[in-house]
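Visitor:
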Amino acid sequence: MTDPLVTFRNVEKRFGDFVAVRNLNLDIHAGEFLAIMGSSGCGKTTTLRMLAGLETPTAGEIHIGGKLMNDVKPHERDTPLVWQSLALFPFLTARENVEFGLQMRGVDKAERKRRALDWLGRMDIAEFADRNVDTLSGGQKQRVALARSLVMEPQMLLLDEPLSALDANLVIRMQGVLTRLQKELGITFVYVTHSQSEAFAMADRVVIMSQGDIAQVGSPKDIYRAPANRFVAEFVGRNNILTGKVDQVDAQAVSIVTPAGRFLAKPPENEMPTGEETSFVVSADLVSLSRDEPEDANKVQVTLISEEFIGSVVTLFLESNDGHEFKVQMQEREVLNLDLAADQSVWLSWSTGNAHILEGG
Amino acid sequence: MMSSKMLNIVLALYVALIFTFIFAPILFSLVFSLNSQRFPTIPLGDISTEWYAKILTDPDVWEAVRNSIIVSTSSAVLATTLGFCTAYTDFRYNFRFKGLYLALILLPPTIPLIIMALAMLAWLSRLGLSGQLWSIILAHSVLTAPFAMAIIRLRLHQMNPDLEAAAWNLGGSEWQTMRHVILPFCAPAIVSALCLTAAVSFDEFAVAWFVSGLNKTVPVVILEIVQGNIDPQVNAIGTFVFLTSMTLVIIAQVILFRRQTKSYS
Numbered sequence: 006m007t008d009p010l011v012t013f014r015n016v017e018k019r020f021g022d023f024v025a026v027r028n029l030n031l032d033i034h035a036g037e038f039l040a041i042m043g044s045s046g047c048g049k050t051t052t053l054r055m056l057a058g059l060e061t062p063t064a065g066e067i068h069i070g071g072k073l074m075n076d077v078k079p080h081e082r083d084t085p086l087v088w089q090s091l092a093l094f095p096f097l098t099a100r101e102n103v104e105f106g107l108q109m110r111g112v113d114k115a116e117r118k119r120r121a122l123d124w125l126g127r128m129d130i131a132e133f134a135d136r137n138v139d140t141l142s143g144g145q146k147q148r149v150a151l152a153r154s155l156v157m158e159p160q161m162l163l164l165d166e167p168l169s170a171l172d173a174n175l176v177i178r179m180q181g182v183l184t185r186l187q188k189e190l191g192i193t194f195v196y197v198t199h200s201q202s203e204a205f206a207m208a209d210r211v212v213i214m215s216q217g218d219i220a221q222v223g224s225p226k227d228i229y230r231a232p233a234n235r236f237v238a239e240f241v242g243r244n245n246i247l248t249g250k251v252d253q254v255d256a257q258a259v260s261i262v263t264p265a266g267r268f269l270a271k272p273p274e275n276e277m278p279t280g281e282e283t284s285f286v287v288s289a290d291l292v293s294l295s296r297d298e299p300e301d302a303n304k305v306q307v308t309l310i311s312e313e314f315i316g317s318v319v320t321l322f323l324e325s326n327d328g329h330e331f332k333v334q335m336q337e338r339e340v341l342n343l344d345l346a347a348d349q350s351v352w353l354s355w356s357t358g359n360a361h362i363l364e365g366g
Numbered sequence: 128m129m130s131s132k133m134l135n136i137v138l139a140l141y142v143a144l145i146f147t148f149i150f151a152p153i154l155f156s157l158v159f160s161l162n163s164q165r166f167p168t169i170p171l172g173d174i175s176t177e178w179y180a181k182i183l184t185d186p187d188v189w190e191a192v193r194n195s196i197i198v199s200t201s202s203a204v205l206a207t208t209l210g211f212c213t214a215y216t217d218f219r220y221n222f223r224f225k226g227l228y229l230a231l232i233l234l235p236p237t238i239p240l241i242i243m244a245l246a247m248l249a250w251l252s253r254l255g256l257s258g259q260l261w262s263i264i265l266a267h268s269v270l271t272a273p274f275a276m277a278i279i280r281l282r283l284h285q286m287n288p289d290l291e292a293a294a295w296n297l298g299g300s301e302w303q304t305m306r307h308v309i310l311p312f313c314a315p316a317i318v319s320a321l322c323l324t325a326a327v328s329f330d331e332f333a334v335a336w337f338v339s340g341l342n343k344t345v346p347v348v349i350l351e352i353v354q355g356n357i358d359p360q361v362n363a364i365g366t367f368v369f370l371t372s373m374t375l376v377i378i379a380q381v382i383l384f385r386r387q388t389k390s391y392s
């Protein structure tokens, strides 16, 4: 693999006593769509702002394209940012907003205009070129903001929760626009969001941050199926976390005794001492539900508590005898076929390969 | 229902009364400035522009108008520059004792004008600057800078704080950003501040009287005319001063409030 476009080496950012980012090590590769996800205050925006030079790391090194960037001023970088607040210049028209960066770089007037109009056209908003940005709708402003950054022809585009102010329909549309753009341009997108659906829908790789640390880096599928630790498992949600003591370990499986019963999980890479407390996770959509006792090794008898209906997918909430809550996600028609009633006793089961042990218990 | 209707009537009357008290004397001055009779009595005489003609031929009045224009425009520019810089400092930076800094800046209007005038006179004469046009300009700049600062600060607070960083992010240096983002954004407030500080300076009497020496401004000349005798010229000058100040204040208000509706992007 070629050298990464961006490297963070032991990067730390403090604001007084508050540690926003703690010992961050991360490579970003040229041409990838990387999402940084986490709840507010996890350090994701600070990380992005350090890439743009709007914050200076208090320790560690950030390289972009092999060059040490710690003390490079924001205006000397090629890292345009799409702001959560959009930060369009309200006293300028859409076209003048798009021209702004080129004007700062000393591009002459005719060329500026040509390139700005070209980008407004690519974003399907050419007809609003001479309108004041305040008179545009949310989606149109969003497109102006994108055009304003992309007209600079950067190697890397930074996006800070750019879709958070839009309504749900528009978010889906803009997600399509962004993924298409990223593929067409072949540039790196670094996308900060608190929304799992945005990150998972668009990104090649997702970084999950928690309290200034990276909790997990991986493809959306890896993170969803095999969350590395309890934080990620809970953050991703819609899964079942069970805690118990390691009973037996062999090459195929780790056997864990929990209050809800004895289960097998996929062995982790590092060694598992017997007798130690550990947790494992099973995605809610990988759990099967049946009325009769199944053959599988991993099974538990539960009673139905409630269900939550989201479109064609239903999440069932069930409880085992020891009071542990289980979640099962399935298609609505499957649930109808089972013909369940509240308080009914049913069996849950899953295959050992879908049970992932979490790091750090 | 009834009581709220009553309340509305009472409030409307109250507002009418306030305006009457403020504007009646000015209106009288306007009326008498166009009255041919020497003494301000009713019944009025004929409509006449005699007093306006008289002040137009009075070299002292011309001199005072010239001084007032120089003083008010110069101090407006100085005060607005000062006001902009302090407001921007407040917007951009956080530092210890910032509260104290702001309090000190907003202090001058709270000092009684006479005290301010005396202090200015003592200070400027010690520097050998008293009795010159410059001294009034300096004094008025100090006096009006807080107004400029307040207006511009208000505008800066409406600015999306990301706007400045967005300009840096797009390759603008700090100076380019100042010129292409901060100043255009503040332009309406800057124009309002110029008008308002010019109006305050144009009207200001106490400080001007103390430090002016022989360089009298319009309000100082008015007092001298009134001290001498009862002369309807005063009404004519007064009307002129009132119209000038009102025009400036109205321009300031219109610019400030027309733009305020569209602030954030």
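Quick mapping for you: the protein sequence lines, in order, are chains A and B. To convert, take the position in the first sequence, counting from 1, and add 5; that gives the working numbering. To convert, take the position in the second sequence, counting from 1, and add 127; that gives the working numbering. For glycine and all other residues, C-beta sits at the position ideal for the given N, C-alpha and C.
1) I think B:A206 touches B:T324, with their Cβ atoms under 8 Å apart; what is that distance to the nearest whole Å?
2) Let's test the definition: count the other Cβ atoms within 10 Å of the Cβ of A:N20 and tell me whether it reaches 16, buried, or not, exposed.
3) Are A:L363 and A:F285 closer than 8 Å when you measure CB to CB?
4) In angstroms with no decimal places, state the Cα-to-Cα distance between B:E190 and A:Q147.
5) Can you find a C-beta in chain B that's less than 8 Å from the C-beta of A:R110?
6) Assuming A:A115 is part of the beta strand (DSSP E), what are its boundary residues?
7) Whose Cβ in chain B lies nearer than 7 Å to the Cβ of A:A92?
8) Is any beta-carbon of chain A found at less than 8 Å from that of B:V308?
9) Check whether the segment 236 to 246 of chain B touches the segment 187 to 204 of chain B, taking contact to mean three or more Cβ pairs, one atom from each stretch, closer than 8 Å.
10) Please report whether the beta-carbon of B:N221 lies at a distance below 8 Å from any beta-carbon of chain A.
11) Among A:D290, A:M109, A:A302 and A:L125, which residue has its Cα nearest to the Cα of A:F322?
12) How close, in whole Å, do the beta carbons of A:L73 and A:T52 come, if the pair is a contact with beta carbons under 8 Å?
13) Along the segment 223 to 240 of chain B, where does the CB come closer than 9 Å to a CB of chain A? Name the residues.
14) Is it the case that the segment 318 to 335 of chain B contacts the segment 130 to 140 of chain A, given that we only count it when at least three CB pairs across the two stretches are under 8 Å?
15) Scan the segment 252 to 282 of chain B for residues whose Cβ lies nearer than 8 Å to a Cβ of chain A and list them as they occur along the chain.
16) Could you name the residues of chain A that B:N296 contacts, counting a contact when the two beta carbons are closer than 9 Å?
17) Shortest alpha-carbon distance to B:A407 belongs to which of B:A266, B:Q380, B:F274 and B:T184?
18) Is it buried or exposed for A:I315, if we count other Cβ within 10 angstroms and need 16 for buried?
19) Should the segment 81 to 88 of chain A be regarded as contacting the segment 295 to 313 of chain B, the criterion being three or more beta carbon pairs within less than 8 Å?
20) Tell me which same chain residues have a C-beta within less than 8 Å of the C-beta of B:V204, skipping the five on either side of it?
21) What residues from chain A crowd round B:S404, counting only those whose CB sits closer than 7 Å?
22) Between A:V258 and the rest of its own chain, which residues show a CB-CB distance below 6 Å, the 5 nearest in sequence each way excluded?
23) On the criterion of 16 or more Cβ atoms from any shown chain inside 10 Å, does B:T374 qualify as buried, or is it exposed?
24) Going straight from the alpha carbon of A:L97 to that of A:Q201, what length do you get?
25) My assumption, with CB atoms under 8 Å, is that A:M42 sits in contact with A:V211. Please give the rounded CB distance.
26) Report the rounded CA-to-CA distance for B:Y391 versus A:F236, giving the unit in angstroms.
27) In angstroms with no decimal places, state the Cα-to-Cα distance between A:S317 and A:G280.
28) For the beta strand (DSSP E) containing A:S44, list its first residue and its last residue.
29) Going by other Cβ atoms of all chains shown within 10 Å of its Cβ, with 16 needed for buried, is B:G365 buried or exposed?
30) Against chain B, with Cβ distances strictly below 8 Å, would A:M157 count as a contact?
31) In chain A, what lies closer than 7 Å to B:F312 by C-beta?
32) Identify whether A:R14 lies in helix, strand or coil by the three-state DSSP scheme.
33) At a Cβ cut of 8 Å, what residues of the segment 348 to 369 of chain B count as close to chain A, listed as they run along the chain?
Guide: In brief:
1) In this structure B:A206 is in contact with B:T324, their Cβ atoms being roughly 4 Å apart against a cut-off of 8 Å.
2) It is Phe, not Asn, that sits at residue 20 of chain A in the sequence shown. Exposed: under 16 other Cβ atoms inside 10 Å.
3) yes
4) In this structure, the CA atom of B:E190 is about 58 Å from the CA atom of A:Q147.
5) yes
6) Premise fails: A:A115 lies in the alpha helix (DSSP H), K114 to R127, not in any beta strand (DSSP E).
7) N287, D289, L290, A293 and S392
8) yes
9) no
10) no
11) Among A:D290, A:M109, A:A302 and A:L125, the Cα nearest to that of A:F322 belongs to A:D290.
12) Not really, about 17 Å apart at Cβ, beyond 8 Å.
13) none
14) no
15) none
16) A57, G58, L59, P79, H80, R82, T84, P85, L86, W88, A92, G106, S154 and L163
17) Nothing about residue 407 of chain B can be read from this structure; chain B reaches only from 128 to 392.
18) Counting Cβ neighbours within 10 Å, A:I315 comes out exposed, since fewer than 16 surround it.
19) yes
20) Within the same chain, B:V204 has close Cβ partners L321.
21) The structure shown does not extend to residue 404 of chain B, since chain B is modelled only from 128 to 392, so the question has no answer here.
22) Checking the sequence, you will find Ala at residue 258 of chain A rather than Val. L269 and T357.
23) Exposed is the call here.
24) 34 Å
25) 6 Å
26) Interpretation of B:Y391 is limited by its pLDDT of 41, a score under 50 that renders its predicted location unreliable; the figure taken from the coordinates is listed afterwards. Taking the straight line from one Cα to the other gives about 38 Å.
27) 42 Å
28) Element bounds for A:S44: n/a, residue is neither H nor E.
29) buried
30) yes
31) F96
32) Of the three classes helix, strand and coil, the one that applies to A:R14 here is strand, per DSSP.
33) Listed in sequence order: no entries.
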